[in-house]
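Peer 1:
In mature numbering (1 follows the signal peptide of the UniProt record, and there is no 0), the protein residues as written are -16 to -1, 1 to 287.
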């Protein structure tokens, strides 16, 4: 338990604790906590921030609609592949000119969502599409904290050196042996005539392991949606009164030493690909890190 402002908050850390709270006691921890910074934007609506009967109705409706749109079927995969080709075209059009990939990647991800929700994709320069992105970014800025504004100053704006933990994903940068092995494995399965599909996943274990390790080490969403205890409950010998706020720390799962032998470093993909699920990745010593500053601009032409 920690103090968050003027009230107590229960923080769930580690795979075993989070699983016991959100899975074994799912009904007791199911309620979503209202955050003032999000309430002004969402007004307790949406699948993530609704509660009670409203949440159950929204969930049933959303799952039904997504199934009709092809959630879990090949139609969604084809839309992702279509957007990937559009993204590649935009990247090639930059030619030898350096560019910031943030804008194009944001457009690609947002376009996949738009194609599912609205039924069509947008051109990357469409005014309506750009306005949607602007409103979304504005919403994120409104709920951000002042401390987040200092992140860009870390490492001297890209001119300094980051420490080893900040450089951990350098092991996956294009040009290293990991990327070469991924490229070779995909070529062996798909050749040069088609793009990889989900049906190929079982035939490219090394690539699958690399993707999962990148997602784990990037720790994109370190904190889960805040929950609230519905009834009084005894949890791990502690009595939690009704309406106790609960914050599941997802980052603690991705770096849990009981699951990952070297939790703060990416496992060697060849070992991670053959490790048993739910066990520590044995025999890994971590991938050697690059000591270069992070790149903020890319170029499609080798130099």
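All residues carry an ideal CB built from backbone N, CA and C; glycine is no exception.
For clarity, every value in this text was computed on a predicted model and none was experimentally measured.
Determine the direct distance from the alpha carbon of residue 69 to that of residue 78, and round the result to whole angstroms.
Peer 2: If you number the chain shown from 1, residue 78 lands on position 94. If you number the chain shown from 1, residue 69 lands on position 85. Looking at the two C-alpha atoms, the distance is approximately 15 Å.
Peer 1: I'd like the span of the beta strand (DSSP E) that includes residue 190, first residue to last.
Peer 2: For this step, residue 190 is matched to residue 206 along the chain shown. From DSSP, residue 190 is part of no beta strand (DSSP E) but of the alpha helix (DSSP H) over 189 to 202.
Peer 1: Just verifying my parser: in three-state terms, what is the DSSP assignment at residue 216?
Peer 2: For this step, residue 216 is matched to residue 232 along the chain shown. Residue 216: coil per DSSP, three-state reduction.
Peer 1: Residue 38 and residue 212: beta carbons closer than 8 Å?
Peer 2: Locating residue 38 in the chain shown gives position 54, counting from the first residue. Locating residue 212 in the chain shown gives position 228, counting from the first residue. Taking 8 Å as the Cβ cut-off, residue 38 and residue 212 do not qualify as a contacting pair.
Peer 1: Give the C-beta separation of residue 207 and residue 216 to the nearest angstrom, bearing in mind that I take them to be a contact with Cβ-Cβ under 8 Å.
Peer 2: Here residue 207 is taken as the residue at index 223 of the chain shown, counted from 1. Here residue 216 is taken as the residue at index 232 of the chain shown, counted from 1. That belief does not hold up - the Cβ atoms of residue 207 and residue 216 are roughly 25 Å apart, past 8 Å.
Peer 1: Considering just the uninterrupted stretch of the alpha helix (DSSP H) at residue 88, what are its terminal residues?
Peer 2: Position 104 of the chain shown, counted from the start, is the residue given in the question as residue 88. Unbroken alpha helix (DSSP H) run through residue 88: 86 to 101.
Peer 1: How about residue -15 and residue -6: do their beta carbons lie closer than 8 Å?
Peer 2: Mapped onto the chain shown, residue -15 falls at position 2. Mapped onto the chain shown, residue -6 falls at position 11. Yes. Within cutoff.
Peer 1: How is the alpha helix (DSSP H) around residue -8 delimited, first residue to last?
Peer 2: For the purposes of this step, residue -8 is taken as residue 9 along the chain shown, with counting starting at 1. No alpha helix (DSSP H) contains residue -8, which is instead part of the beta strand (DSSP E) from -10 to -5.
Peer 1: Check whether the Cβ atoms of residue 296 and residue 235 sit closer than 8 Å, and answer yes or no.
Peer 2: Limits of the chain in this structure are -16 at one end and 287 at the other, which puts residue 296 out of reach.
Peer 1: Look at residue 92 and residue 122 and say whether their C-beta atoms are less than 8 Å apart.
Peer 2: Within the chain shown, residue 92 is the residue found at index 108, counting from 1. Within the chain shown, residue 122 is the residue found at index 138, counting from 1. Not a contact, by the Cβ cut-off of 8 Å.
Peer 1: Should residue 5 be labelled buried (16 or more other beta-carbon atoms within 10 Å of its own) or exposed?
Peer 2: The residue you call residue 5 lines up with position 21 of the chain shown. When all chains shown are included, residue 5 counts as buried.
Peer 1: Relative to the alpha-carbon of residue 197, which residue among 65, 100, 247 has its alpha-carbon at the smallest distance?
Peer 2: The count along the chain shown starts at 1 and reaches residue 197 at position 213. The shortest C-alpha separation from residue 197 is found at 247.
Peer 1: Does DSSP classify residue 1 as helix, strand or coil?
Peer 2: Mapped onto the chain shown, residue 1 falls at position 17. Helix at residue 1.
Peer 1: Which one of 227, 60, -11 has the shortest CA to CA distance from residue 98?
Peer 2: As a position in the chain shown, residue 98 is number 114, starting the count at 1. Nearest of 227, 60, -11 to residue 98, Cα basis: 60.
Peer 1: What are the boundary residues of the alpha helix (DSSP H) that residue 229 is part of?
Peer 2: Along the chain shown, read from residue 1 onward, the residue named residue 229 stands at position 245. Per DSSP, residue 229 belongs to no alpha helix (DSSP H); it is in the beta strand (DSSP E), 229 to 232.
Peer 1: Following the continuous beta strand (DSSP E) through residue -15, name the residue where it begins and the one where it ends.
Peer 2: By 1-based counting over the chain shown, the position of residue -15 is 2. Its beta strand (DSSP E) spans residues -15 to -13.
Peer 1: I need the straight-line Cα distance from residue 265 to residue 195, nearest angstrom please.
Peer 2: The sequence position of residue 265 within the chain shown is 281, counting from 1. The sequence position of residue 195 within the chain shown is 211, counting from 1. Bear in mind that the predicted position of residue 265 carries a pLDDT of just 43, short of 50, making it unreliable; the figure below should be weighed with that in mind. Roughly 16 Å between the two C-alpha positions.
Peer 1: What does DSSP give as the partner residue(s) for residue 323 in the beta ladder?
Peer 2: Because the chain here runs from -16 to 287, residue 323 falls outside it and cannot be looked at.
Peer 1: Taking the alpha carbon of residue 86 as the reference point, which residue from 80, 71, -8 has its own alpha carbon closest?
Peer 2: Numbered from its first residue, the chain shown carries residue 86 at position 102. Answer by Cα proximity: 71.
Peer 1: Using C-beta distances below 6 Å, list every residue in its chain close to residue -9, excluding the 5 sequence neighbours before and after it, in chain order.
Peer 2: Mapped onto the chain shown, residue -9 falls at position 8. Within the same chain, residue -9 has close Cβ partners -16.
Peer 1: Could you tell me the boundaries of the alpha helix (DSSP H) in which residue 288 lies?
Peer 2: The first residue shown for the chain is -16 and the last is 287, placing residue 288 beyond what the model contains.
Peer 1: Quick check: what's the CA-CA separation for residue -4 versus residue 232?
Peer 2: Translated into positions along the chain shown, residue -4 becomes position 13. Translated into positions along the chain shown, residue 232 becomes position 248. Straight-line Cα distance between these residues: approximately 7 Å.
Peer 1: Go ahead and label residue 112 buried or exposed: buried means 16 or more other beta carbons lie within 10 angstroms of its beta carbon, across all protein chains shown.
Peer 2: As a position in the chain shown, residue 112 is number 128, starting the count at 1. Burial call: exposed.
Peer 1: Go through its chain and collect everything with a Cβ distance to residue -13's Cβ below 6 Å, but skip five positions before and after it.
Peer 2: The residue given as residue -13 occupies position 4 in the chain shown. None.
Peer 1: Applying the 10 Å Cβ sphere with the 16-neighbour rule, what's the burial state of residue 237?
Peer 2: If you number the chain shown from 1, residue 237 lands on position 253. Its Cβ being crowded by 16 or more others within 10 Å, residue 237 is buried.
Peer 1: What are the start and end residues of the beta strand (DSSP E) that includes residue 223?
Peer 2: Taking the chain shown and counting its residues from 1, the one referred to as residue 223 is at position 239. Counting along the chain, the beta strand (DSSP E) containing residue 223 begins and ends at 222 to 224.
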